[in-house]
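Trainee:
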Amino acid sequence: MSDRTDPPEIARYKPFYTELEKGRNYLWCSCGRSASQPYCDGSHRGTGFKPVSYTPADKGEEVLFCGCKHTGTPPFCDGSHNNLLPDYPLDDPGSPENQAVPEVGLTGDARAVLNGGCYVFSPGKAALREFENLKYCAVIGPDFGAIYQSQFYFEVSAGQSPVISFGDREVVLFISAGEAEICISGKTFYAPPHSGAYIRQGEAFRVTPEPGEPVKFLASACPRADAPEWLEDMPDNFDRAEPDRVVPLDPSQRQGMADRYFQMLVDKAVGSNVVTQFIGHIPLSKAEPHRHLYEEALIILSGQGCMWTENLKTPVRAGDVIFLPRKQIHSLEATNEDGMLVVGTIYPGDNPAINY
Ligand code: FES
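Numbered per this note's numbering, the sequence shown spans residues 14 to 369.
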């Protein structure tokens with residue numbers, strides 16, 4: 014360990030988005046004193062801090078160099094900047110600029126389309142297809158501009174659903190209403206309300222509601238898929254190397270993020286390395302506009318608010334799903350006293366706290 018004694022200086026409270034040149038050596042400033050952020054200019058001399066070197070192997074690699082200098086994964090941001098301030102950075106929805114932003118409504122396909130391919134989809138207003146005892150529709154996918162992930166909405170009123178497969182993709186489920194038994198390639202799990210579930214590549218699944226209550230769920234397929242496949246039989250290929258697949262809500266697992274919190278549902282702990290699902294709380298507020306390097310599907314579980322992009326906005330309420338393309342600037346405002354509960358699926362990504 015170094016001989017440094019002081020905490021680093023905070024150059025700024027968010028990371029630096031940078032496109033890197035293959036093979037070039039970058040020296041990231043760790044002390045926070047450099048005038049050439051995020052790079053070293055030699056100002057660390059005498060502080061005990063040392064710059065961190067990084068050489069990208071790929072052309073055009075996009076990275077977020079930490080600006081707060083408190084990251085646990087130097088030289089890159091790990092979201093630690095969110096907890097250096099007591100409150101999440103906010104924007105004023107009543108400012109003259111924001112008041113002038115026009116509101117868009119739903120189109121015929123139950124979507125309200127914002128800037129950059131971002132949209133809000135209302136499954137309750139969508140035309141559902143039927144297959145055996147399933148009703149379903151596509152929420153996110155190539156037809157709607159997604160590059161990385163697809164998402165489908167399903168309802169099962171009673172009895173075993175057909176066996177559903179997305180081939181060699183990874184699949185993440187979220188039980189949005191009701192409770193169910195989920196069979197994954199021959200192994201059965203109980204899935205309580207608002208739990209997440211993970212299906213590994215090549216596995217298939219079936220969802221059976223508990224008697225007397227329909228179940229509604231969303232399935233994200235990564236990489237994106239055009240449609241689910243229906244199998245005649247359940248395969249017997251459950252990957253026993255990752256035995257835990259259903260993650261219930263658990264307030265003891267919440268992680269703080271300024272005045273917000275989130276709980277990871279599907280992540281590395283159940284074997285999912287590049288698809289991540291979390292549940293989070295947004296208090297009554299409008300976040301400062303920001304971006305992510307991952308593509309995201311956000312399900313509004315409770316509350317209501319407004320989704321903002323550069324110069325458009327649309328109301329959101331419980332049941333809606335928001336599609337956010339990579340790098341799309343946005344802000345999700347909660348407008349009710351209790352705030353909003355949301356479930357996010359990010360891909361490719363493993364940390365919902367990283368924003369820029
Ligand atoms: S900017 Fe330092 S952790 Fe994000």
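We treat Cβ as the ideally placed atom computed from N, Cα and C, and that holds for glycine.
#1: Residues in the same chain with beta-carbon distance under 6 Å from proline 102, minus the five sequence neighbours each way, listed in chain order, please.
#2: Once you ignore the five residues that flank methionine 277 on each side, which residues in its own chain have a CB closer than 6 Å to its CB?
#3: Once you ignore the five residues that flank aspartate 333 on each side, which residues in its own chain have a CB closer than 6 Å to its CB?
#4: Suppose the cutoff is 7 Å on Cβ atoms and the five residues either side in sequence are ignored; what does the same chain contact list for alanine 159 look like?
#5: Quick check for students: name the residue ranges of the beta strand (DSSP E) that lie wholly in the region 247-309, counting only runs of 3 or more.
#6: Would you check whether ligand 2 has a heavy atom nearer than 7 Å to the C-beta of threonine 31?
#7: What are the boundary residues of the alpha helix (DSSP H) that includes glutamate 110?
#8: What span of residues does the beta strand (DSSP E) with glutamine 164 cover, start to end?
#9: Name, in chain order, the residues that DSSP records as bridge partners for leucine 127.
#10: Kindly list the residues whose CB is nearer than 7 Å to the CB of proline 23, restricted to its own chain and excluding five residues on each side of it in sequence; keep chain order.
#11: Could you check whether the region 163-180 touches the region 222-230, counting it as contact only if at least three pairs of C-beta atoms, one from each stretch, sit closer than 8 Å?
#12: Who are the Cβ neighbours of proline 88 in its own chain at under 7 Å, not counting the five residues just before and after it?
#13: State the DSSP-derived secondary structure class of lysine 326, mapped to helix, strand or coil.
#14: With DSSP as the reference, label methionine 14 as helix, strand or coil.
#15: Enumerate, from N- to C-terminal direction, the unbroken beta strand (DSSP E) stretches of 3 or more residues contained entirely within the region 54-129.
#16: How about the region 198-209 and the region 140-151: do they share at least three Cβ pairs that are nearer than 8 Å?
#17: Just to check, is the beta-carbon of cysteine 1 closer than 7 Å to a non-hydrogen atom of ligand 1?
#18: In the DSSP assignment, what are the bridge partners of glutamate 223?
#19: I'd like to know whether the C-beta atoms of valine 388 and leucine 306 end up nearer to each other than 8 Å.
#20: Which same chain residues, not among the five before or five after methionine 14, have their C-beta less than 7 Å away from its C-beta?
#21: Taking DSSP as the reference, what is the three-state secondary structure of glycine 352?
#22: Among Gly199, Tyr161 and Glu145, which residue has its Cα nearest to the Cα of proline 175?
#23: Leaving out five residues before and five after lysine 200 in sequence, what residues of the same chain have Cβ atoms less than 6 Å from its Cβ?
#24: Are any of the Cβ atoms in chain B nearer than 8 Å to that of leucine 262?
#25: Please report the residue range of the beta strand (DSSP E) in which glutamine 317 lies.
#26: Return helix, strand or coil for glycine 137, following the three-state DSSP convention.
#27: Ends of the beta strand (DSSP E) at lysine 229?
#28: DSSP beta-bridge partners for valine 176?
#29: State buried or exposed for glutamine 214, treating a residue as buried only when at least 16 other CB atoms are found within 10 Å of its CB.
#30: Is it buried or exposed for proline 224, if we count other Cβ within 10 angstroms and need 16 for buried?
Mentor: Straight from the coordinates:
#1: Glu301
#2: Phe291
#3: Val133, Ser135 and Ile313
#4: Ile153, Arg237, Glu308 and Phe336
#5: 268-270, 273-279 and 289-295
#6: Ligand 2 is not part of this structure, which contains only ligand 1.
#7: 109-112
#8: 163-169
#9: DSSP, once it has assigned bridges, lists no residue as partnering leucine 127.
#10: Per the sequence presented here, residue 23 reads as isoleucine, with proline not at that position. Taken in chain order, the residues that qualify are Gly45, Cys81, Lys82 and Leu97.
#11: yes
#12: Trp41, Val65, Tyr67, Phe78 and Cys79
#13: strand
#14: Any reading at methionine 14 must be qualified, since the residue scores a pLDDT of 44, below 50, and its modelled position is unreliable; no value is offered.
#15: 65-67, 75-78 and 124-126
#16: no
#17: Residue numbering for the chain in the displayed model covers 14 to 369; residue 1 lies beyond these limits and cannot be assessed.
#18: Note: glutamate 223 sits in no beta bridge, so no partner.
#19: No answer is possible for residue 388: it lies beyond the span of the chain, which begins at 14 and ends at 369.
#20: Low per-residue confidence applies at methionine 14: pLDDT is 44, beneath 50, and the placement is therefore not dependable enough to give any value.
#21: coil
#22: Glu145
#23: Phe251
#24: Structure shown: chain B not included; a single protein chain is present.
#25: 317-321
#26: helix
#27: 228-235
#28: Leu244
#29: exposed
#30: exposed
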